[in-house]
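Take a look at the structure set out below.
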Amino acid sequence: MAIEVRIPTILRTYTDGEKSVQGAGSTLDELLTDLDSRHAGLRGRVVDGGGLRRFVNVYLNDEDVRFLDGIATKVADGDSVTILPAVAGGMA
Amino acid sequence: MRYDSPLAAVGNTPLVRLPRLSPSDAVSVWAKLEDRNPTGSVKDRPALHMVEQAEAEGRLTPGCTILEPTSGNTGISLAMAARLKGYRIVCVMPENTSSERRELLTMWGAEIISSPAAGGSNTAVRVAKELAAEHPDWVMLYQYGNPANAGAHYATTGPEILADLPTITHFVAGLGTTGTLMGVGRYLREKVPGVAIVAAEPRYDDLVYGLRNLDEGFVPELYDESVLTTRYSVGSQDAVRRTRELLQQEGIFAGVSTGAALHAALGVAAKADKAGERADVVFVVADGGWKYLSTGIYTAPSTEAAVAALHGQLWA
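For the protein sequence lines, the chains are A and B, in the order given.
Take full-length UniProt numbering: the final residue in the first sequence is number 92, and no numbers are missing along the way.
Take full-length UniProt numbering: the final residue in the second sequence is number 316, and no numbers are missing along the way.
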């Protein structure tokens, strides 16, 4: 078992074009560090200093991690993490 | 109910319980039917409020041209108000929105400027800002940053819901301009201790996000994270499945973004039910299904076929 991380098109240059990759860790922070060991540069596009970049949204099982514990959010095997660019949308 | 003009008939929409989709007697899911507004969407509220606010401030005067980036509904609402009040209106809309929306805008007399599909609404916003700079005499009401957008919901939608359902525990709506969630959310937080304000954000397929640059993302100026309790990302698959369930089980014919809001509403309802808590969950039916008929999602033989039909389109 591992944690599945869905990668947006714009970041697939770091994952050899893969739409999703697997990683490990007990927090989102650790998971991103683990991913960066195989996909160098990926972490820096998502995290800036101690937090998420402004125009990047990360979801744990579809819930925005900013409303959980940010990059300190606990993750576990079987979870699904989605990284997406912030967009204008909805019924606008 | 009697009103003195069509514009006066905005708001005062029904709130209906969904007996089949509610998980139990203790946990009810309620639909706020915003498709019952004059042009058929929740956007009649902010559109009219923004126009009247701009008139009151003297920014909008007879003969003015209104400019707005819109994926459809706000433009349609503004176009109707503009026609009745005598303004010209120019809408900037992503090219990958449904043909019905274009027809409706044209029907109300709006001029449409298409923005590239690749950047979705982000690009429509950018193009509109460029046009505003080129035409300083045009009045951009700018729903993403106009406090009157959230103000409309604070003044009308929030009080209507609370009057109809004082026992409300959760409010769920789609996240676009964030106006509905900010306005209703602020109002309910002032009146209902512990109320949860839940956002359902549309998650499109790769085709829509494709060329989106992470460094040039967009967060609406209206957005205030502290108003929300949490925020869910809802993919096309779940949004379409729930839109079809709402039609088949409760007879409500709604647009696809409503399916996304319903998905989040059923999620929090199930959570409350499992925890043995009482809950009254209200979600917003932002518009009816009419504008999405050409996608074929309502009559497709399966959810999978319906999702395939929607591929690459901005459904919210």
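A virtual CB, placed ideally from N, CA and C, is assigned to each residue, including glycine.
- Counting the other CB atoms within 10 Å of its CB gives N12(B) a total below 16, which places it among the exposed residues.
- Around R53(A), the same chain offers R45, V46 and V47 as residues with beta carbons nearer than 8 Å, after the five sequence neighbours per side are excluded.
- Among the residues facing chain A, T230(B) is included, as its CB has a counterpart in that chain under 8 Å away.
- With the rule of 3 Cβ pairs closer than 8 Å, the stretch 141–156 of chain B counts as touching the stretch 42–53 of chain B.
- For the pair T169(B) and D280(B), the CB atoms are nearer than the 8 Å cut-off.
- Within its own chain, the residues whose Cβ lies closer than 8 Å to the Cβ of R43(A), once the five positions on either side in sequence are excluded, are L32, T33, L35 and D36, listed in chain order.
- For A86(A) against N61(A), the beta-carbon gap comes to about 19 Å, at or over 8 Å, which does not count as contact.
- Segment contact: the stretch 102–110 of chain B against the stretch 72–84 of chain B, three or more CB-CB distances shorter than 8 Å; contact assigned.
- Annotation for R88(B): no alpha helix (DSSP H) segment contains it, though the beta strand (DSSP E) segment containing it runs R88 to P94.
- Under the 8 Å criterion on CB atoms, D64(A) is classed as interfacial with respect to chain B.
- For the pair T73(A) and E63(A), the Cα-to-Cα distance works out to about 11 Å.
- By the Cβ criterion, the stretch 156–166 of chain B is not in contact with the stretch 115–135 of chain B, since fewer than three pairs of Cβ atoms, one from each stretch, lie closer than 8 Å.
- Considering only beta carbons, the part of the stretch 40–52 of chain A lying closer than 9 Å to chain B consists of R45 and V46, in chain order.
- One thing to note: A124(B) has its Cβ within 8 Å of the Cβ of P69(B).
- Shown in chain order are the members of the stretch 232–245 of chain B whose Cβ falls below 9 Å from a Cβ of chain A: Y232, S233, V234, G235 and D238.
- R203(B) sits in a strand when the DSSP states are folded into three classes.
- Under the three-state reduction of DSSP, L60(B) is assigned to coil, being neither helix nor strand.
- Only residues of its own chain outside the window of five on either side were considered, and among them I168, Y187, L188, K191 and V192 have a CB closer than 8 Å to the CB of L162(B), listed in chain order.
- In this structure, V27(B) and A272(B) form a Cβ contact; the two beta carbons are roughly 5 Å apart against a cut-off of 8 Å.
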